[in-house]
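Visitor:
Chains as they are written, first to last, in the numbering used here: chain A, 58 to 108; chain B, 544 to 1090.
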């Protein structure tokens, strides 16, 4: 059930975000830096928990 | 700090086994890059007037692709969990990359591109259309097959398929549901935009005299108005948050109590939607205050990501502290231990965060650049005791490597082009002499000191060694493989946008300088030398596009 719920939510998310063809809300030009920031912060959070 | 964890030397070589997850990562990275390139290059709407099989591609190609991606992502996410710890990968000896298959992949993807240019750029019809479409699809499928076999041998694909066969219905379901939901989600955009319009109006009402036109969805003050397009409705952030939240809970479900953890998703979706409302309201207030260029420039570009990152990271940080949601033990002074990844990544994260903020308050010229220098400096100072055991000495060879990287950078720019030439920002030319000098000084200080330290700690000190082992701090840099060098350099290059190729080459040079003697100081010195020469090039020649 958890898998099904997560999959449905994942699918809805992809579907909704896929239609933002022009994206002034989430600017793709800033995407690399923003995702690197998110990834780096997640590395820090995850590694702290895994200690 | 414990001196052991950051010691760069470990005499015992790591046990080498075949790691399908690593190979799969290569494959996904390769396919992602190719898919992005193809998506940017080709547009299926150009097939609207086509006939036969080409018309089917034009009408349904994007939906099919979306379904395949959803099915593949689901298979990888669920398969990773299933296989983690359940399969004895030590039984498989390390297998080198199958270069023959990789060459076949290169040839077929080239043919696929060549056929694409005919299919999508010419008005084909009838029998020609069908033959061309079949050839195009065949080349694409062959490229996928050869790519898959280049990284993972067939016998291991068979083991992977047998071990995860029971997950196939979930993947197929995701592949079918996603395109259907895509169609279904169309009707959400209009009401979401209307609701955003009303909420922005409510937020602005106590602050300014609101001027609005509900028919055109235009809103603002007397001095400054914007039109809320459907793509500004907030749904994009909501969708991304849904993907992020669902993916996170799926991957790390053992760390959460269910069903209560599912509440995080709607809470974050609502929050990111409201963040977008406040983003638009803030944008209008900034424009109303006279800073129209800042409102429509840096703030418009950065605020969405700042909000998304704040909500996503806030959700994870908060969830981990709530025992009702998290299964993880709460942090106490007794169980809090060292966090080496943070020491290596934090300066880079601080640099990016400060960069987003400094861009958000700028129109075109990043006047707040010194903030980046201060942010990195503060983090490095905070962790200074952690860095003392790293080898900061450097040799003149690394300086020479930095000169080489500079020459290569300029050469690549000359040969394949880069961003258009720009001169000194107009705003900077109007500043008083001392202010202009101060900004340039901080810009050079950042390029030569804080950027090399932050990026070399993150990309070479962490990422390159993390590729070799989860306990990255025990990996001797001299033991790092070419794959680790290449992957970390590709990611480093990707951070340089249009200059990704020159960035990747420079990354390889810095990585080799690091690997040569295992000293982070060599990588930093090489990077600092390149940046110092680029700074001199900018200031002497006036070619500001290099900054």
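The C-beta atom is built at its ideal place from N, Cα and C for all residues, glycine as well.
Could you name the residues of the same chain whose beta carbon sits closer than 8 Å to that of residue 1011 (chain B), not counting the 5 residues immediately before and after it, in chain order?
Guide: Excluding positions up to five away in sequence, the list reads 557, 1018, 1022, 1023, 1024, 1027.
Visitor: Tell me which same chain residues have a C-beta within less than 7 Å of the C-beta of residue 649 (chain B), skipping the five on either side of it?
Guide: Contacts found: none.
Visitor: Contact defined as beta carbons within less than 8 Å: I believe residue 843 (chain B) pairs with residue 826 (chain B). What is the distance between those atoms, to the nearest angstrom?
Guide: So it is a contact: roughly 6 Å between Cβ atoms.
Visitor: Compare the C-beta of residue 873 (chain B) with all C-beta atoms of chain A and state if any pair is closer than 8 Å.
Guide: False, the Cβ-Cβ gap to chain A never drops below 8 Å.
Visitor: Taking only beta-carbon atoms, is residue 597 (chain B) less than 8 Å away from chain A?
Guide: No, residue 597 (chain B) lies away from the interface with chain A (no Cβ there is under 8 Å from its Cβ).
Visitor: List, in order along the chain, the chain A residues whose C-beta lies closer than 8 Å to that of residue 899 (chain B)?
Guide: Within 8 Å Cβ-Cβ: 87, 90, 91, 94.
Visitor: Closest by CA to residue 833 (chain B), which one among B:967, B:766, B:758, B:642?
Guide: Per the Cα distances, B:766.
Visitor: Do we get a CB-CB distance below 8 Å when we pair residue 828 (chain B) with the residues of chain A?
Guide: Answer no: the Cβ-Cβ gap between residue 828 (chain B) and chain A never drops below 8 Å.
Visitor: Measure the C-alpha to C-alpha separation of residue 690 (chain B) and residue 725 (chain B) and round it to an integer number of angstroms.
Guide: Straight-line Cα distance between these residues: approximately 29 Å.
Visitor: Between which two residues does the alpha helix (DSSP H) holding residue 827 (chain B) run?
Guide: Note, residue 827 (chain B): alpha helix (DSSP H), 807-831.
Visitor: If we count the other Cβ atoms within 10 Å of its Cβ and call it buried at 16 or more, is residue 661 (chain B) buried or exposed?
Guide: Its Cβ having fewer than 16 others within 10 Å, residue 661 (chain B) is exposed.
Visitor: Mapping DSSP to helix, strand and coil, what is residue 557 (chain B)?
Guide: Residue placement at residue 557 (chain B) is poorly supported in this model, since its pLDDT is 49, which falls under 50; the coordinates still yield a value, given next. Coil.
Visitor: Give a yes or no on contact between the stretch 1049-1065 of chain B and the stretch 976-987 of chain B, applying the rule of three or more CB pairs nearer than 8 Å.
Guide: With the cut-off at 8 Å, the stretch 1049-1065 of chain B and the stretch 976-987 of chain B do not touch.
Visitor: Give the straight-line distance between the Cα atoms of residue 574 (chain B) and residue 1043 (chain B), rounded to the nearest whole angstrom.
Guide: So the alpha carbons of these two residues sit roughly 17 Å apart.
Visitor: Give the C-beta separation of residue 922 (chain B) and residue 890 (chain B) to the nearest angstrom, bearing in mind that I take them to be a contact with Cβ-Cβ under 8 Å.
Guide: Correct: roughly 5 Å between the Cβ atoms.
Visitor: Using the rule of at least 16 other Cβ atoms within 10 Å of the residue's Cβ for burial, across every protein chain shown, is residue 684 (chain B) buried or exposed?
Guide: Answer is exposed; the Cβ neighbour count stays below 16.
Visitor: Residues in its own chain within less than 7 Å of residue 887 (chain B) by CB, not counting five upstream and five downstream?
Guide: So the list reads 1000, 1001, 1004, 1005, once near-sequence residues are dropped.
Visitor: What's the call for residue 564 (chain B), buried or exposed, on a 16-neighbour Cβ count within 10 Å?
Guide: The residue in question, residue 564 (chain B), is exposed, as its Cβ has fewer than 16 Cβ neighbours within 10 Å.
Visitor: Would residue 490 (chain B) be called buried (16 or more neighbouring beta carbons within 10 Å of its own) or exposed?
Guide: Outside the displayed span of chain B (544 to 1090) sits residue 490 (chain B), for which this structure offers no information.
Visitor: Over what stretch of residues does the beta strand (DSSP E) that includes residue 755 (chain B) continue unbroken?
Guide: It spans 754-756 - the beta strand (DSSP E) in which residue 755 (chain B) sits, taken as one unbroken run.
Visitor: Is there at least one Cβ from chain A nearer than 8 Å to residue 709 (chain B)'s Cβ?
Guide: Not an interface residue.
Visitor: Considering just the uninterrupted stretch of the beta strand (DSSP E) at residue 761 (chain B), what are its terminal residues?
Guide: Start and end: 761-763.
Visitor: So, is the C-beta of residue 888 (chain B) closer than 8 Å to a C-beta in chain A?
Guide: With 8 Å as the cut-off, residue 888 (chain B) counts as an interface residue toward chain A.
Visitor: Kindly indicate which three-state DSSP category residue 574 (chain B) falls into: helix, strand or coil?
Guide: The answer is helix: DSSP assigns residue 574 (chain B) an H, G or I state.
Visitor: Could you name the residues of the stretch 1032-1064 of chain B whose beta carbon sits closer than 7 Å to any beta carbon of chain A, in the order they occur along the chain?
Guide: Residues passing the 7 Å Cβ filter: 1037, 1038, 1040.
Visitor: Counting only C-beta atoms, is residue 855 (chain B) closer than 8 Å to chain A at any point?
Guide: Yes, because at least one Cβ of chain A sits closer than 8 Å to the Cβ of residue 855 (chain B).
Visitor: When the Cα atoms are used, what is the spatial distance from residue 1056 (chain B) to residue 991 (chain B)?
Guide: The straight-line gap from Cα to Cα measures roughly 17 Å.
Visitor: Report all residues from its chain with a CB closer than 7 Å to the CB of residue 1037 (chain B); omit the five preceding and five following residues, and keep chain order.
Guide: Result list for residue 1037 (chain B): 1043, in chain order.
Visitor: Is the beta carbon of residue 750 (chain B) less than 8 Å from the beta carbon of residue 828 (chain B)?
Guide: The answer is yes: Cβ separation under 8 Å.
Visitor: Spell out a yes or no on whether the stretch 1070-1080 of chain B and the stretch 946-961 of chain B are touching, meaning 3 or more CB-CB pairs, one atom from each, closer than 8 Å.
Guide: Yes: at least three Cβ pairs fall under 8 Å.
Visitor: Assuming residue 976 (chain B) contacts residue 1068 (chain B) under a Cβ cut-off of 8 Å, what Cβ separation, rounded to an integer in Å, is found between them?
Guide: 32 Å between Cβ atoms; not a contact.
Visitor: Take residue 80 (chain A) and list the residues in its own chain whose beta-carbon comes closer than 6 Å to its own, dropping the five residues that flank it on each side.
Guide: Because the pLDDT of residue 80 (chain A) is 39, which lies under 50, any placement of that residue in the model is unreliable, and the number read from its coordinates should be weighed accordingly. Excluding sequence neighbours, residue 80 (chain A) sits near nothing in its chain.
Visitor: Quick one, which residues of the stretch 833-861 of chain B are near chain A if we go by CB-CB under 7 Å, in chain order?
Guide: For the stretch 833-861 of chain B, which is checked against every Cβ of chain A, the residues closer than 7 Å are 843, 844, 845, 847, 848, 851, 852, 855, 856, 859, 860.
Visitor: I want to see whether chain B comes within less than 8 Å of residue 100 (chain A), judged by CB atoms only; does it?
Guide: So, interface residue.
Visitor: Is residue 979 (chain B) helix, strand or coil when you go by DSSP?
Guide: Three-state DSSP puts residue 979 (chain B) in a helix.
Visitor: Could you spell out the range, first to last residue, of the alpha helix (DSSP H) harbouring residue 970 (chain B)?
Guide: Start and end: 969-972.
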